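This note's numbering puts the sequence shown at residues 36 to 87. All C-beta atoms in this analysis are idealised placements derived from N, C-alpha and C, irrespective of residue type, glycine included. In this text the structure is predicted, and so the values were computed from the model without any measurement. So the structure is just underneath, and the comments pick up after that.
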Amino acid sequence: MESKIVGYGSLEDAYITSRYIGRDYSRKEVERLRETVEEIRNVVGRILSERG
36 MESKIVGYGS LEDAYITSRY IGRDYSRKEV ERLRETVEEI RNVVGRILSE RG
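Quick look at the structure:
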């Protein structure tokens, strides 16, 4: 659970930073952020399919 919280926080930081401050990300950071996004999309997709 702790790693998921850190991942979500990192994703939020990346979003905010990308809007206001230029920053380079390492390949490893990008891969971890992408995994987090895919997890979120999967969860949201399951919730929507259950509702619908």
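Problem set entry | Range of the contiguous alpha helix (DSSP H) that encloses S45 | E37 to Y55
Exercise. Quick one: is T71 buried, meaning 16 or more other Cβ sit within 10 Å of its Cβ, or exposed?
Worked result: buried
Problem set entry | G80 - DSSP class collapsed to helix/strand/coil | helix
For this session: Compare the C-alpha of R69 against each of E37, L46 and V79 and name the closest.
Result: L46
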